[in-house]
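Residues 2 to 229 in the working numbering are what the first sequence lists, from first letter to last.
Each residue gets a CB set at the ideal place from its N, CA and C atoms; glycine is no exception.
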Amino acid sequence: MPGLNRSPSTRTLERIHDALLARFGPQNWWPGETPFEIMVGAVLTQNTAWGNVERAVANLRAAGVLHPRALLRLSPSRLTRLIRPSGYFNVKARRLRDFVAWLVGRIGDQYPVQGLRGIATPRLRRELLSVRGIGEETADSMLLYALGRKVFVVDAYTRRFLARHGLIEPAASYGAIQALFEKSLPRSRPLFNEFHALIVALGKNLCRPRNPRCGECPLLKVLGAPSL
DNA sequence: ACCCAGGGTCATA
DNA sequence: TATGACCATGGG
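Here is the structure:
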C-alpha cells in the first residue's frame, strides 16, 4: 500500500501550500492590531468561531481594556460580561486573567514583544504552557502571530485534513504533526504564518467533520489523491 | 432542530 | 494514557 500514512515530503507540503494559496489567496493573519490583542484573541478563539471573538474583542476595545494593566483592573464579573459573545465566558474570563497576570508578572509594563524578547522560544513556550488555560495551539499561536517566533501552529483542521489525505494517523500527537511541518519546511516566519492560516481557510470552507468524503476538497484534484 | 466553531481542563478507569 | 463530560454564544 504505497503512499499511505508515510511522512509527507517537503515537496508534498509545498504543493499543498501552493494549492491552498491558489484557491484561497493570501490570508494575512493574524487579524489583530497589537501583539497583546492577538494574544487575547488566541485565548478567546478556543473552540469558537472567529466572528464571536471579534465581538468580544470589540467590547474590550470599547471599554479601553486592550492593555495588560487595564484588563487586570477589571472586576471578574465585568470582564465576563465583556467577553460574553465569545462563549465559555466564565472559563475564558479566568483564563484571560491568569494569562495577563502571568504576563504582567513576567515583564511588567514592557510591551510584550520587547519584554519577552530575551526569552528563548522553547523556554517561553514552556512558560506559556504552565499558565492554566493555555494549551499547545494557543501557546504556538501567541508565539508565531504575536511574537514572531518560528513555530508551526497545529489545529483540529490540520489534523483532520492531513488524516483525510492519508498523511498522518488520525490520532497523531500535536508534537508529531508540528515536527512534520517544521522538519520538512524552510523555517520561515511568513511561510508558517500563511500556511496555518490557509489550512484554517480550507477548514472553514470545506473540511467539515460530517463530510468525511470531503468530495469538494480542492486538494484531492490538485494533489492527485487518493494515493497522493 | 440540528451541527459546528481557529481548545483545554478535569475526573475517572 | 486514554477516553468522556464540560464549558456557551451565535451563524449556517
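For residue i, the nearest candidate out of the options (CA to CA)
i, options, result
"Arg85", "Leu104, Arg56 and His68", "Arg56"
"Pro187", "Pro9, Glu15 and Ser8", "Glu15"
"Ala172", "Val132, Arg161, Ala180 and Pro27", "Arg161"
"Phe37", "Ser78, His197 and Phe100", "Phe100"
"Phe196", "Tyr158, Tyr175, Ala177 and Gly176", "Tyr158"
"Ser8", "Gly167, Ala198, Ser189 and Ala202", "Gly167"
"Ala102", "Leu72, Ala121, Phe90 and Val92", "Leu72"
"Thr46", "Glu183, Thr13, Ser142 and Ile200", "Ser142"
Limits of the alpha helix (DSSP H) - the one that residue i falls within
i, result
"Asp110", "Segment: none, Asp110 is in no alpha helix (DSSP H) and carries neither H nor E."
"Val201", "Arg190 to Asn206"
"Phe182", "Tyr175 to Ser185"
"Ala157", "Ala157 to Arg165"
"Leu117", "That residue, Leu117, is in no alpha helix (DSSP H); it is neither H nor E in DSSP."
"Glu15", "Thr11 to Phe25"
"Phe37", "Pro36 to Leu45"
"Ser76", "Premise fails: Ser76 is in no alpha helix (DSSP H) and is neither H nor E."
Residue i to residue j span [Cα, whole Å]
i, j, result
"Leu104", "Pro113", "8 Å"
"Gly65", "Ile169", "44 Å"
"Thr81", "Asn206", "31 Å"
"Pro123", "Pro27", "29 Å"
"Gly42", "Arg24", "26 Å"
"Ser78", "Ser10", "50 Å"
"Phe193", "Arg107", "27 Å"
"Ile39", "Arg127", "19 Å"
"Ala59", "Trp51", "12 Å"
"Gly216", "Arg62", "Bear in mind that the predicted position of Gly216 carries a pLDDT of just 49, short of 50, making it unreliable; the figure below should be weighed with that in mind. Spanning the two alpha carbons is a distance of roughly 41 Å."
"Pro227", "Arg165", "Any reading at Pro227 must be qualified, since the residue scores a pLDDT of 40, below 50, and its modelled position is unreliable; the value itself is stated next. Pro227 and Arg165: Cα-Cα distance of roughly 9 Å."
"Tyr175", "Pro191", "21 Å"
"Gly149", "Arg118", "10 Å"
"Ala202", "Leu125", "28 Å"
"Leu67", "Leu83", "12 Å"
"Leu5", "Leu163", "Note that Leu5 scores 49 on pLDDT, short of 50, meaning its location in the model is unreliable; the coordinates nonetheless yield the value given after this. One C-alpha to the other measures close to 11 Å."
Cβ distance (whole Å) where residue i is taken to contact residue j below 8 Å
i, j, result
"Gln115", "Phe153", "Contact flag wrong, Cβ pair sits at about 24 Å."
"Asp156", "Glu138", "5 Å"
"Arg96", "Arg70", "Rounded, the Cβ-Cβ distance is 18 Å, inconsistent with contact."
"Leu129", "Ile135", "5 Å"
"Trp30", "Ala198", "4 Å"
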